[in-house]
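Visitor:
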Ligand code: GUN
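Residue numbers (this note's numbering): 46 to 354.
#1: Am I right that residue 150 and residue 332 are in contact with their C-beta atoms under 8 Å? What's the rounded C-beta distance?
#2: Between residue 194 and residue 216, what straight-line distance do the alpha-carbon atoms span, to the nearest angstrom?
#3: Determine the extent of the alpha helix (DSSP H) in which residue 296 is found, giving its start and end residues.
#4: In terms of residue numbering, what span does the alpha helix (DSSP H) encompassing residue 110 cover?
#5: With distances taken from CA atoms, which of 283, 295, 292, 324 is nearest residue 308?
#6: Just to confirm my understanding: we take residue 288, look at its own chain, exclude 5 residues before and 5 after, and list those with CB closer than 7 Å. What are they?
#7: Can you tell me which of the three DSSP states residue 47 falls into?
#8: In terms of residues, what are the limits of the alpha helix (DSSP H) holding residue 199?
#9: Compute the distance between the beta-carbons of residue 92 and residue 108, then report whether it is under 8 Å.
#10: Three-state secondary structure (DSSP) at residue 124?
#11: Once DSSP output is grouped into helix, strand and coil, what is the label at residue 245?
#12: Quick one: grab the DSSP three-state call for residue 52.
#13: Excluding five sequence neighbours on each side, which residues of the same chain lie with their C-beta closer than 6 Å to the C-beta of residue 104?
#14: Short of 6 Å in beta carbon distance, which residues of its chain neighbour residue 330, apart from the five on each side in sequence? Order them along the chain.
#15: I want to check one thing, is the minimum distance from the CB of residue 111 to the heavy atoms of ligand 1 below 7 Å?
#16: Buried or exposed: residue 158, going by 16 or more other Cβ atoms within 10 Å of its Cβ?
#17: Considering only their Cβ atoms, is the gap separating residue 231 from residue 291 smaller than 8 Å?
Encoded structure:
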């Protein structure tokens with residue numbers, strides 16, 4: 046666990062340091078990769094980027110850098126924005142068959158002419174390190190061993206570290222996306238939490254949030270959850286990464302904020318993730334962890350217990 050010593054003290058939530066947590070996870074990943082190398086296996090991650098979206102380019106470069114830093118192989122495929130669905134599916138078929146590739150990630154969002162569901166479901170589920178394939182979604186929903194979506198996986202690892210046993214706690218997930226909200230709810234249910242999924246149509250969202258021992262915000266709306274929606278002592282996980290104007294920093298300047306109003310929530314919560322430096326760094330670390338898990342399974346090696354759930 047990381048953070049200040051003032052845990053739970055009134056007016057001073059513990060700050061959950063996702064950056065430090067991700068560094069620890071990457072160190073464990075590197076150690077696993079070194080042990081696998083002794084058995085002749087080097088995990089490989091292929092990342093496919095279609096188009097030139099600047100934010101996606103930054104993410105993809107960061108993924109490749111961290112993959113190599115952990116001793117794994119990185120394969121980057123950058124395709125033009127007008128790539129046909131047939132060409133993209135043909136590439137995925139080649140990656141599915143490539144023995145050096147254990148993980149395949151197709152960066153989303155895809156350009157509008159491509160059917161994301163079709164593309165994601167063409168990935169071999171054993172290599173689906175994003176956990177987006179319908180098979181992995183179904184395995185998670187039925188409590189079976191699955192590759193799990195990276196952001197919710199990172200949130201769960203931090204919650205376990207922070208709280209230990211989550212059984213019986215009231216968890217509220219605000220947001221119902223396939224990438225975060227729904228898999229997060231499934232994971233919390235698996236931990237025996239009482240789970241509520243709230244969203245933009247939820248009646249009296251504030252009252253629902255105030256019942257949460259664990260509050261996960263994943264709506265993509267800057268600072269929409271104020272401190273008076275947070276139950277005193279609750280653990281708050283803020284998945285949002287929103288860029289807003291910051292005139293106080295100078296003309297034209299911006300800054301990143303979460304979906305939670307940090308300044309008011311930090312006075313009420315027991316522990317809270319900051320933005321940036323909370324959930325964000327955990328997502329890529331979990332992608333690398335999933336790649337090690339996938340490579341272990343494909344080669345019949347033991348499950349890396351300290352990297353998976
Ligand atoms: N775009 C934004 N986040 C993600 C992610 O976790 N996986 C993929 N494939 N694309 C994304």
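Glycine is no exception: its CB is placed at the ideal position from the N, C-alpha and C atoms.
Guide: Per the coordinate set shown:
#1: Yes, they are in contact, since the Cβ atoms of residue 150 and residue 332 sit about 7 Å apart, within 8 Å.
#2: When rounded, the distance between both Cα atoms is 18 Å.
#3: That residue, residue 296, is in no alpha helix (DSSP H); it is neither H nor E in DSSP.
#4: Element bounds for residue 110: 99-114.
#5: In this structure, 283 is the residue among 283, 295, 292, 324 with its C-alpha nearest to the C-alpha of residue 308.
#6: Same-chain partners within the cutoff: 299, 301.
#7: Note that residue 47 scores 43 on pLDDT, short of 50, meaning its location in the model is unreliable; the coordinates nonetheless yield the value given after this. Three-state result, residue 47: coil.
#8: Looking at the DSSP string, the run of the alpha helix (DSSP H) that includes residue 199 is 195-208.
#9: Their beta carbons are under 8 Å apart, which means residue 92 touches residue 108 by this criterion.
#10: Here residue 124 carries a strand assignment [DSSP, helix/strand/coil].
#11: Judged by DSSP in its simplified three-state form, residue 245 adopts coil rather than helix or strand.
#12: Model confidence at residue 52 stands at a pLDDT of 44, short of 50, so the residue's coordinates are unreliable; what they give is reported in the following sentence. Per DSSP, reduced to three states, the secondary structure at residue 52 is coil, with no helix or strand assignment.
#13: Excluding five sequence positions before and after residue 104, none of the CB atoms of its chain fall closer than 6 Å to its own CB.
#14: Once the five neighbours on either side are set aside, the close Cβ partners of residue 330 are 67, 70, 71.
#15: No.
#16: Looking at its Cβ environment, which holds fewer than 16 other Cβ atoms inside 10 Å, residue 158 is exposed.
#17: No, the Cβ-Cβ distance between residue 291 and residue 231 is not below 8 Å.
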